[in-house]
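One structure is given here, and the rest of the page talks about it.
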Amino acid sequence: MRNDIKLLDTLADIVTGRGVKRAKHELVLDGKPVVDEFVSCLKEHGFLQTTVGDVDVRIGERVPAFYLDSTTAYFGWVFWEKFTDAKARKLWGSVVRNAKGDWAIQIPPTKPIPIYANSAAKIDMDTDRPIYL
Numbered sequence: 002m003r004n005d006i007k008l009l010d011t012l013a014d015i016v017t018g019r020g021v022k023r024a025k026h027e028l029v030l031d032g033k034p035v036v037d038e039f040v041s042c043l044k045e046h047g048f049l050q051t052t053v054g055d056v057d058v059r060i061g062e063r064v065p066a067f068y069l070d071s072t073t074a075y076f077g078w079v080f081w082e083k084f085t086d087a088k089a090r091k092l093w094g095s096v097v098r099n100a101k102g103d104w105a106i107q108i109p110p111t112k113p114i115p116i117y118a119n120s121a122a123k124i125d126m127d128t129d130r131p132i133y134l
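Residue numbers for the sequence shown follow the numbering used here, so the first one is 2 and each next one is one higher.
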């Protein structure tokens, strides 16, 4: 019972970012996946399953979201990447970076890949410096 409470507390810390850097997290404990527990925790904290295309976000805003790949959770943001005043693209970008410093994982709105987003936690962002997300 005590280990279950510790697990749920740890997962809640990952979801909320309390005391833990939200980035890439392996959802395995003692050799067993804890993905279902993580998804339950996401839902408890307002993260609902959706797609990038269905997230309501405008230029200058970002919405926190997790992408699950098997037993790995990646944290990132749904936002609009601004190229010029007339050109921008919406995407989910992981906070994990590649060797070039760009988002290691990107999901465009045209891909029906499920993510867990919390639109109620939407915040403003600097569209001229999205790399600092």
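Idealized CB from N, CA, C, for every residue including glycine.
A quick note: this is a predicted structure, and the numbers were derived from the prediction, not measured.
C-alpha distance - residue i paired with residue j, whole-angstrom precision
| i | j | result |
| --- | --- | --- |
| Trp-114 | Ser-71 | The sequence given here places Ile at residue 114; Trp does not occur at that position. Their Cα atoms are separated by approximately 13 Å. |
| Arg-23 | Arg-59 | 23 Å |
| Asp-5 | Phe-48 | 21 Å |
| Tyr-68 | Lys-44 | 14 Å |
| Trp-93 | Ser-41 | 21 Å |
| Leu-30 | His-46 | 21 Å |
| Tyr-75 | Asp-127 | 22 Å |
| Arg-90 | Gly-32 | 39 Å |
Residues that DSSP places opposite residue i in a beta bridge
| i | result |
| --- | --- |
| Pro-34 | Val-29 |
| Arg-90 | Glu-82 |
| Pro-65 | Trp-78 |
| Arg-98 | Trp-104 |
| Ile-116 | Thr-51 |
Beta-carbon proximity of residue i to residue j, cut-off 7 Å
| i | j | result |
| --- | --- | --- |
| Thr-51 | Ala-105 | no |
| Pro-110 | Gly-54 | yes |
| Ile-116 | Ala-66 | yes |
Closest Cα partner of residue i within the set the options
| i | options | result |
| --- | --- | --- |
| Gly-77 | Arg-63, Val-40, Leu-9 | Arg-63 |
| Lys-112 | Thr-128, Met-126, Val-56 | Val-56 |
| Glu-38 | Val-79, Lys-7, Gly-61 | Lys-7 |
| Ala-122 | Asp-129, Lys-101, Gly-102, Val-79 | Val-79 |
| message | Taking 8 Å as the cut-off, does the segment 4-17 touch the segment 84-103 (at least 3 CB pairs, one atom from each stretch)? | response | no
| request: Could you tell me whether the segment 21-38 touches the segment 96-105, using the rule of 3 or more Cβ pairs below 8 Å? | output: yes
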